[in-house]
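Novice: Residue numbers (this note's numbering): 19 to 1051. For each residue, glycine too, the CB sits at the ideal point set by N, CA and C.
(1) Name the two residues that bound the continuous beta strand (DSSP E) containing residue 986.
(2) Do residue 234 and residue 933 come within 8 Å of each other at the CB atom, strictly closer than that value?
(3) DSSP three-state call for residue 565: helix, strand or coil?
(4) For the alpha helix (DSSP H) holding residue 926, just list the boundary residues, first then last.
(5) DSSP on residue 916, reduced to helix/strand/coil?
(6) Looking at C-alpha atoms only, which residue of 324, 243, 379 is the closest neighbour of residue 349?
(7) Could you give the DSSP three-state label for residue 143: helix, strand or coil?
(8) What residues match up with residue 966 in a beta bridge as DSSP calls it?
(9) Would DSSP call residue 173 helix, strand or coil?
(10) Return the residue from the list 424, 1037, 177 that minimises the CA-CA distance to residue 1018.
(11) Are three or more beta carbon pairs between the segment 971-981 and the segment 1008-1018 nearer than 8 Å?
(12) If you reduce the DSSP assignment to three classes, tell me which class residue 590 lands in.
(13) Using C-beta distances below 6 Å, list every residue in its chain close to residue 966, excluding the 5 sequence neighbours before and after it, in chain order.
(14) Taking residue 94 and residue 342 to be in contact with their CB atoms under 8 Å, please state how far apart those CB atoms are, rounded to whole angstroms.
(15) Using DSSP bridges, identify the partner residues of residue 1049.
(16) Using C-beta distances below 6 Å, list every residue in its chain close to residue 820, excluding the 5 sequence neighbours before and after it, in chain order.
(17) Below 8 Å on the Cβ atoms is my guess for residue 503 versus residue 624; work out the distance and round it to an integer in Å.
(18) Distance, Cα to Cα, residue 289 vs residue 868?
(19) May I ask you to report which of helix, strand or coil DSSP gives residue 504?
(20) Would you list, in sequence order, the uninterrupted beta strand (DSSP E) runs of no fewer than 3 residues that lie entirely inside the segment 80-133?
(21) So which of 926, 539, 816, 535 has the shortest CA-CA distance to residue 529?
(22) Could you tell me which residues DSSP pairs with residue 423 in its beta bridges?
(23) Just checking my contact of residue 607 with residue 546 at CB under 8 Å: how many whole Å lie between their CB atoms?
(24) Within 10 angstroms of the Cβ of residue 57, are there 16 or more other Cβ atoms? Answer buried if so, exposed if not.
(25) Please classify residue 685: does DSSP put it in a helix, a strand, or coil?
(26) Compare the Cα-Cα distances from residue 633 to each of 930, 682, 565 and report the closest residue.
(27) Thinking C-alpha only, which one of 925, 736, 409, 590 is nearest residue 575?
(28) Using the C-alpha atoms, what's the distance from residue 1025 back to residue 1040?
(29) Nearest by alpha-carbon distance to residue 927: which of 912, 954, 964 is it?
(30) In three-state DSSP terms, what is residue 849?
(31) Output needed for residue 361: all residues of its chain with C-beta closer than 7 Å, excluding positions within five of it in sequence on either side, in chain order.
(32) Since I believe residue 835 is in contact with residue 770 (beta carbons under 8 Å), could you give me their beta-carbon distance rounded to a whole number of angstroms?
(33) If we call anything under 8 Å between Cβ atoms a contact, is residue 914 one with residue 989?
(34) Any idea if residue 507 is buried or exposed, counting beta-carbon neighbours within 10 angstroms, 16 or more meaning buried?
(35) Buried or exposed: residue 1034, going by 16 or more other Cβ atoms within 10 Å of its Cβ?
(36) With respect to the beta strand (DSSP E) encompassing residue 463, which residues constitute its N-terminal and C-terminal limits?
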């Protein structure tokens, strides 16, 4: 297992400029250190759109332990179109800030479809902020040594207002779901590849989409949802989306079929606002490089924390009606929500035929605080008893308020009463000791709000139990090295035993600096001064005195520090301390926090003045020297399904338990691989000051930002993936079970291609190298046998990732800008204020290549295998299936589609032009015997011209004996050859042994056949009624 922790720290530089006059100049008007930090440049669509968008990101299966459940409601049909409407539940735990969709928490109403967009780094659609294409120089590290103006301009524009990070679009309609990005040329790129045609259109007001399926069905997405955001709180940053209206979702308005048939969608307007999340930023002023005097006036070293709420305003749509051309109408009754005023929920769905109601569904809710839960679904039809589903949820009365700080690192509820997001210790962050948040995960309470009971219309029910995501595996931990120096001295001398003085000093050299890649530039140290009076029985603070100092022998200056707990202006560590206590021997003590340079010589000197006066001075500190991987246990946040128990009234009828491990590991008592990710997302923006000083010198502040808006999970929308899961009925596996294994690959952090000045990491999206996560690659049906397991059947699934065909990489750039450098205006100096990292959205065509089934029977072991070939990247469809059995020759089925032919035959050309790419033209079954091929059967379907998918005629091969390949002709190749790839395909020309079986003479306006002639038979006529919906004669 691999754990990735990204805790990013950013350092911003303030430049001190020399003025030959005695006054202070501040470029900005801030009187304390409150940096104008830009909030997270991530913008999500509305809760309803977000819930539907999950299906474009998450693969709901056992590989992530998520609970999923679907209730089919009805189907809207129109000639050749079928639109299913369903309620779907999906969750792997509620986020504290999560809001419900229009049908309840974690539920989604699938009724047509939509496209949602997550805007990243800037709105790619804005005219003044297009998705920026960087100059070629950005890809060459050498160009940073000799920059030109185009490189500087790109970095400046990208850091300040344009977008170099592609927005992410999620879609969910019909049987299709997925995501895409838009490349710099404006072309949608599907991730991973699917054979959908996506058209982006634009008018003077908005953008729209048309998506065409391989069967030529067109979905029109032109009901646009707009989102506007702002922040509420003292000193909150505006962010690049502040007060901008951004297109965030597109609802389907119409679906059409090439044969005929249209389904229309009507919506009503909704306008509402809500607080979506909470951000916190902590900042601390520090000094790096040169120092200068006087100190920064009005700038405090006390850590500053700001808390901001993100306010979202939605100008969107609510589904109101779905109509077909045959008089059927599905109407939605909506009402204002109490958890989100202005938004609406679906209360009732009614089916009308010619304005006469025939069936209805009523949705019942309960609201807890700002969370709306679906508790019941009632189905009513004329003449039939009412059917009711009921839903129960775990611990809804114990959920915290939305936007509370009681969140773990992933945003799930952890039961802690946190006063803020910041924890006492965050590696790489400064002065966090005063913060007390506990961001650890707690699976006992993170399940609150999860669906745990489903009661069916029959009276039976299912009870779902959950457990924490847990894993044992490899964690990257920080390796640190410490320093410790101490000196002590007693006061008093022989000549003057009462008021005499003694002095001691210690010279030491700090260790060498660790590797620069760690970004560690100094040692954070603590200096302790202790005074204990063992002498007179009365205090003498004026004569019993200790003097101490910490001196940098390399720079010739005393070291500055802060008194612990007081982060006001730093003081020099060379001072006096007086003994106020008497014989009680209570210590007088003071502690400083300071920074020490690496490989530098220092001196500590301590002087005790007064008999029996003990003085001690110690220095301790630590710094990161590297990283190491250790094996440890983790509570991974959220929860997974542990078991589902089904009851028929009071009797248990079925039990499914889920163990997230492999059989081999269960036998060995070990855990299987778990892939998960933890990221703390931070952001920053520049702050510059001009301060009276002797020369040009740098100062800085450090800060970290935590947000409940965007917990960077990567991993395709899940924060956990399991390599293996076993489904079984009983805990001791007596009745056996099914083991499943899944593909698990980590998403990767992109490289930093330019990082001048102090090394740092930059918050950045991840490259989606785990795009196949959750894909099932193995199943095993087994039974218990003695102390082990006996396999009954194994299935091995092999996938192929095409590295060339339909492979695209869309690169994104994250550019961060630090404070400007007024000391120099040359190009190189301007370049040094930028940090640049890159990431890629990988679009790959991957598909199932083969399935191998092994059966372990009483009489022995049998093996069967099927292989799958996708020969033409133009359509991406299954071209050939080969069946291998334990005995006999392999049989093959080949299918040819319109894109498998050269242009020149009208009906095929029309089908290509109208994107009717998935209609089979020729289907051949043949076998391979040795090196020879024999044709067993064949079928050809020809279509009418016009590209409407209307069949013209169907022909078949009539033969009692197999036909040798040398005597046969595939319709896209020369005689004697196997089917051709698209590059060498010929014009449609079939084998002359085909015999016509059916001829479709004509069609009505609905695309239904009116007359069909059989070979050597009469013409069969059809009469269609109900607006072409059903044949009546």
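Specialist: Taking the definition as stated:
(1) Numbered from its first residue, the chain shown carries residue 986 at position 968. No beta strand (DSSP E) holds residue 986; DSSP gives it neither H nor E.
(2) The count along the chain shown starts at 1 and reaches residue 933 at position 915. The count along the chain shown starts at 1 and reaches residue 234 at position 216. Contact flag set, yes.
(3) Start at 1 with the first residue of the chain shown, and residue 565 comes out as number 547. DSSP places residue 565 in strand when its eight states are reduced to three.
(4) Sequence index remark: in the chain shown, residue 926 carries index 908 (1-based). Here the alpha helix (DSSP H) through residue 926 covers 924-931.
(5) Translated into positions along the chain shown, residue 916 becomes position 898. If DSSP states are grouped into helix, strand and coil, residue 916 belongs with the helices.
(6) For the purposes of this step, residue 349 is taken as residue 331 along the chain shown, with counting starting at 1. Residue 379 is the option with its Cα nearest to residue 349.
(7) Translated into positions along the chain shown, residue 143 becomes position 125. Three-state result, residue 143: coil.
(8) Mapped onto the chain shown, residue 966 falls at position 948. None; residue 966 has no bridge partner.
(9) Position 155 of the chain shown, counted from the first residue, corresponds to residue 173. Looking at residue 173 - three-state DSSP - the assignment turns out to be helix.
(10) As a working note, residue 1018 is residue 1000 in the chain shown. Residue 1037 is the option with its Cα nearest to residue 1018.
(11) yes
(12) Position 572 of the chain shown, counted from the first residue, corresponds to residue 590. DSSP places residue 590 in strand when its eight states are reduced to three.
(13) Position 948 of the chain shown holds residue 966. Cβ within range, chain order: 276, 277.
(14) Here residue 94 refers to the residue found at position 76 when the chain shown is read from its first residue. Here residue 342 refers to the residue found at position 324 when the chain shown is read from its first residue. Right, the Cβ-Cβ distance comes to about 6 Å (below 8 Å), so this counts as a contact.
(15) As a first step, residue 1049 is located in the chain shown; it is residue number 1031 there, counting from the start. DSSP lists 1042 as partners of residue 1049.
(16) Position 802 of the chain shown, counted from the first residue, corresponds to residue 820. Same-chain partners within the cutoff: 863.
(17) Counting from one through the chain shown, the residue named residue 503 turns up at place 485. Counting from one through the chain shown, the residue named residue 624 turns up at place 606. Not quite, the Cβ-Cβ distance comes to about 12 Å (not below 8 Å), so this is no contact.
(18) Counting from one through the chain shown, the residue named residue 289 turns up at place 271. Counting from one through the chain shown, the residue named residue 868 turns up at place 850. Whole-angstrom Cα-Cα distance: 51 Å.
(19) As a first step, residue 504 must be located in the chain shown, where it is residue number 486. In the structure shown, residue 504 sits in a strand (DSSP, three-state: E or B).
(20) 85-96, 99-109, 125-128
(21) Taking the first residue of the chain shown as position 1, residue 529 is located at position 511. Checking every option, the nearest Cα to that of residue 529 belongs to 539.
(22) Locating residue 423 in the chain shown gives position 405, counting from the first residue. In the DSSP output, where bridge partners are listed per residue, residue 423 has none listed.
(23) One-based indexing of the chain shown puts residue 607 at position 589. One-based indexing of the chain shown puts residue 546 at position 528. Contact holds; Cβ gap of about 7 Å.
(24) Translated into the one-based positions of the chain shown, residue 57 becomes position 39. Residue confidence for residue 57 is low, a pLDDT of 40 falling below 50, so the modelled location carries little weight; the figure read from the coordinates is stated next. It is buried - the Cβ of residue 57 has at least 16 other Cβ atoms within 10 Å.
(25) Residue mapping note: residue 685 aligns to position 667 of the chain shown, counting from 1. DSSP places residue 685 in helix when its eight states are reduced to three.
(26) Taking the first residue of the chain shown as position 1, residue 633 is located at position 615. Ranking the options by Cα distance to residue 633, first place goes to 565.
(27) Looking up residue 575 in the chain shown gives position 557. Of the listed residues, the one whose Cα sits closest to residue 575 is 590.
(28) Position 1022 of the chain shown holds residue 1040. Position 1007 of the chain shown holds residue 1025. For residue 1040 and residue 1025, the distance between alpha carbons rounds to 12 Å.
(29) The sequence position of residue 927 within the chain shown is 909, counting from 1. The residue with the shortest Cα to Cα distance from residue 927 is 964.
(30) On the chain shown, position 831 is the one that residue 849 refers to. Helix, per DSSP.
(31) As a position in the chain shown, residue 361 is number 343, starting the count at 1. These residues qualify, in order along the chain: 288, 290, 355.
(32) Residue 770 sits at position 752 when you count from the first residue of the chain shown. Residue 835 sits at position 817 when you count from the first residue of the chain shown. About 15 Å; that fails the 8 Å criterion.
(33) In the chain shown, counting from the first residue as 1, residue 914 sits at position 896. In the chain shown, counting from the first residue as 1, residue 989 sits at position 971. Yes, they are a contact pair.
(34) For the purposes of this step, residue 507 is taken as the residue at position 489 of the chain shown. The residue in question, residue 507, is buried, as its Cβ has 16 or more Cβ neighbours within 10 Å.
(35) Taking the first residue of the chain shown as 1, we reach residue 1034 at position 1016. Flag for residue 1034 reads exposed.
(36) The count along the chain shown starts at 1 and reaches residue 463 at position 445. First-last for residue 463: 461-464, but that is the alpha helix (DSSP H), not the beta strand (DSSP E).
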